[in-house]
DNA sequence: CGGTAACCGAGACGGTACGTCCGGTCTTGAT
DNA sequence: ATCAAGACCGGACGTACCGTCTCGGTTACCG
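Chains as they are written, first to last, in the working numbering: chain A, 1075 to 1271; chain B, 1075 to 1271; chain C, 1075 to 1271; chain D, 1075 to 1271.
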């Protein structure tokens, strides 16, 4: 999270220990029973060290999850573009489905997603570091599709993003049904073709 | 919530005072700082009286909100059906938009919606008393549309419900943009016609 | 200490456990390292239970020491009066010397005496429950001596109390020398006869 | 305090700033809330600089108070000796009364006196630098009085010092009554003449 | 119609965690 | 080597609530 003190003297050892402890604990006891006190104890750190650098337990967990995905960001600098929008979207959504079915990451991520609904600071951070960049990628891909006449010209691409990626996120967040490749495919097809068929 | 003890001797005075206190407090301090202790104090009730009849503060707030909407349920026993699916859906979504823009009800409702993501007991209760009945209404209307060839026959109606009502709920829950009548209309049109146009 | 809540529902079990824990701990680690947290843990009590009934760790220890001396108070309802003031005072001071040489009680008592110098609430309580009654006893004995012409009529009895009992307390509090029966005798004799002899 | 490192490179600027900060703060918040951290911050010094040269906050305050009284020590190299012991003692005790009624110095001094009761290192330092020299002065004066037959020959001069100067210190330390010139006179007279008169 | 059992208010209790303060140690870079 | 600055681990603070547990007082049903 955005640190108030100058981060120069920050101990990387402590930082790592804290993030690892947070990940371990959230796996063991779940987000609700995760506590800053517990993280500090597990990490062998003072509580103040956590409060100095993070504003909430959600922020710690966020950084911990970001640490896990470090390095992956660069490779996926662009969404796939084979020229076939429908196929490409299915590829992307199926990959997301696979990620979300990985409980090791998915459960803390769900907890974090919920926390974001409730904590504006965390929400801003998430938007800036994750949501916004991802949305740019999506918009870029859709824009090319629109230029290639695979999307109607009057479509608002922001709405398109919501329609394509929203259903998956909703099912995941609300646990409203199983996340399968078939479901991903259905969403893509239906959204592209419309309900009238 | 479904009471465990025989509800015979239950004091309606207390129940009302508790629900009102919960509503007042959630408006004053927000859901995060709402506490059972606070509700009891405000209501002039003992803590035990709350613990006897509700399993969590979320459950109290849920009942409190249900109390507010009592009576409305019957009138809307069916979604409008003028024969024009698109127009009917716009009517329904616009009405929802209006409700969600009422902060007096919307804010506690959001808090409750978030709690539901995290508390399975509450989730089950919500499904049974609100979500399930609402979904039946929606499915019934869509089924008639499908029979009238206004929806493609191969459409899975569960998916259709997600696509039509999901975006609005998502925008609301994630505060991802303004909820307007125009937005409602756009969603309905786009989902019905598909992105390809 | 003077309790704010109505003491009716107070748990005597907890009270005993807390006072015993305080005594044990002060013996083990000393007053400086005595902590309310530690007392609560040792007593198997919640911290709030201590904070509810006592304003400070000094107050807890005070009550604990008072508990130890309970029952003794009544028997010593009057200082000895054989008619020989000097002998009686020596008896009393020698007894005090013996008490103060008992480290089991003396060490916590010293710590408490120091705390009293610094905490006005504790000081008021000590005055009311210990100091004031003791002083009455002393004054009563001296008044009888003055009536019996064993003390000069112009002597201010408050000053006399200070001169007789002060030196012992000072030596004890400041650890300024050994406390012996001889010392007690010397003080009594010198104060009664004066330095000029 | 006696510095452990070789004091060669010691910054006098820092020393002054720290002692002044300590005095200021003890006046503003009292001894209990005085902290080394606070002193360092107020002095614009690092905490380490304090820990390097003083073993405790009491030691800092002690040095600070010594700094205030620097220069006075030499002039009073001897207690007054007009040949009239009673008059001389009254002079000395009255002067002490005046000092102790100066709250600017008296309050921190009281705090320090209390700390000395509890901290053996501080106590040793105080004895060496203040108490012992003062006692020598007192003993010297009393010895001359004893030689001049103004004190009985069998009097233990250590006890005499306790009896003469003790009551004043006790009243001051325990806040047991007002400190006045009359009180000083009464003590001197009563102790010299004895309670029997 | 009187007894009794559940309810109710009040709030004490053992706990857990909070967020803060400060102690005493340590590291860094500047003088 | 000392200094200002301040991060670090750790212990304790005093507070807020949790969920459980008496305690009397009051209904309201049932024998």
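Beta carbons are placed, not taken as given, at the ideal position from N, Cα and C, and that holds for glycine. Values in this document were obtained by computation on a predicted structure and should not be read as measured data.
- Within chain D, no residue has its CB atom less than 8 angstroms from the CB of residue 1085 of chain C, the nearest being about 31 angstroms off.
- With a threshold of 8 angstroms between beta carbons, residue 1241 of chain A makes contact with chain B.
- Chain A has no Cβ within less than 8 angstroms of the Cβ of residue 1213 of chain B.
- Not one beta carbon of chain C lies nearer than 8 angstroms to the beta carbon of residue 1170 of chain D.
- At least one C-beta of chain C is nearer than 8 angstroms to the C-beta of residue 1248 of chain D.
- Under the three-state reduction of DSSP output, residue 1095 of chain D falls in the helix class.
- In the three-state scheme derived from DSSP, where H, G and I count as helix and E and B as strand, residue 1108 of chain D is classed as coil.
- Cβ neighbours of residue 1162 of chain C within its own chain (closer than 8 angstroms, five residues either side excluded): 1153, 1154, 1155, 1156 and 1215.
- Contact check for residue 1170 of chain B against residue 1242 of chain B passes: the beta carbons are separated by less than 8 angstroms.
- Nearest CB-CB separation between residue 1175 of chain C and chain D: not below the 8 angstroms threshold.
- Taking the CA atoms as reference points, residue 1134 of chain B sits about 6 angstroms from residue 1128 of chain B.
- Here residue 1230 of chain C carries a coil assignment [DSSP, helix/strand/coil].
- Within the same chain, Cβ atoms closer than 6 angstroms to the Cβ of residue 1231 of chain D are found at 1213 and 1216, the five residues on either side in sequence being excluded.
- Within 10 angstroms of the beta-carbon of residue 1182 of chain A lie 16 or more other beta-carbons, which makes it buried.
- Under the three-state reduction of DSSP output, residue 1084 of chain C falls in the coil class, being neither helix nor strand.
- Taken in chain order, the members of the stretch 1093-1111 of chain B whose beta-carbon sits within less than 9 angstroms of a beta-carbon on chain A are 1105 and 1106.
- Residue-level contact check: residue 1130 of chain B does not touch chain A, since none of the beta carbons of chain A fall below 8 angstroms from its beta carbon.
- When secondary structure is reduced to three states using DSSP, residue 1224 of chain A falls in the coil class, being assigned neither helix nor strand.
- Here residue 1191 of chain D is near residue 1188 of chain C, since their CB atoms are less than 8 angstroms apart.
- Taking all protein chains in view, the Cβ of residue 1254 of chain C is surrounded by fewer than 16 other Cβ atoms within 10 Å, so the residue is classified as exposed.
- Scanning its chain for C-beta atoms nearer than 7 angstroms, with the 5 sequence neighbours on each side dropped, one finds around residue 1159 of chain D the residues 1219 and 1224, in chain order.
- Nearest to residue 1151 of chain B by C-alpha distance, out of B:1204, B:1087 and B:1089, is B:1204.
- Take residue 1175 of chain B, set aside five residues on each side of it, and the residues of its chain with a beta-carbon closer than 7 angstroms to its own are 1253, in chain order.
- Secondary structure of residue 1130 of chain C (DSSP, three-state): coil.
- Here residue 1110 of chain D is not near residue 1095 of chain D, since their CB atoms are 8 angstroms or more apart.
- For residue 1176 of chain D, the secondary structure class from DSSP, reduced to helix, strand or coil, is coil.
- For residue 1120 of chain B, the CB contacts under 7 angstroms within the same chain, skipping 5 residues up- and downstream, are 1114 in chain order.
- Scanning its chain for C-beta atoms nearer than 8 angstroms, with the 5 sequence neighbours on each side dropped, one finds around residue 1244 of chain A the residues 1250, in chain order.
- The beta carbon of residue 1139 of chain B sits closer than 7 angstroms to the beta carbons of 1182, 1183 and 1186 from its chain, once the five residues preceding and following it are set aside; these are given in chain order.
- The beta carbon of residue 1259 of chain C is closer than 6 angstroms to those of 1164 in its chain, skipping five residues each way along the sequence.
- For residue 1221 of chain D, there are no C-beta contacts with chain C under 7 angstroms, since the nearest C-beta of that chain is about 14 angstroms from it.
- Burial state of residue 1087 of chain A is exposed, judged by a 10 Å Cβ sphere holding fewer than 16 other Cβ atoms.
- In the DSSP assignment, residue 1255 of chain A falls within the unbroken alpha helix (DSSP H) covering 1255-1267.
- Residue 1228 of chain C and residue 1264 of chain D have their C-alpha atoms some 10 angstroms from each other.
- Taking the C-beta atoms as reference points, residue 1196 of chain A is found nearer than 8 angstroms to residue 1132 of chain A.
- In the DSSP assignment, residue 1151 of chain A falls outside any alpha helix (DSSP H), carrying neither H nor E.
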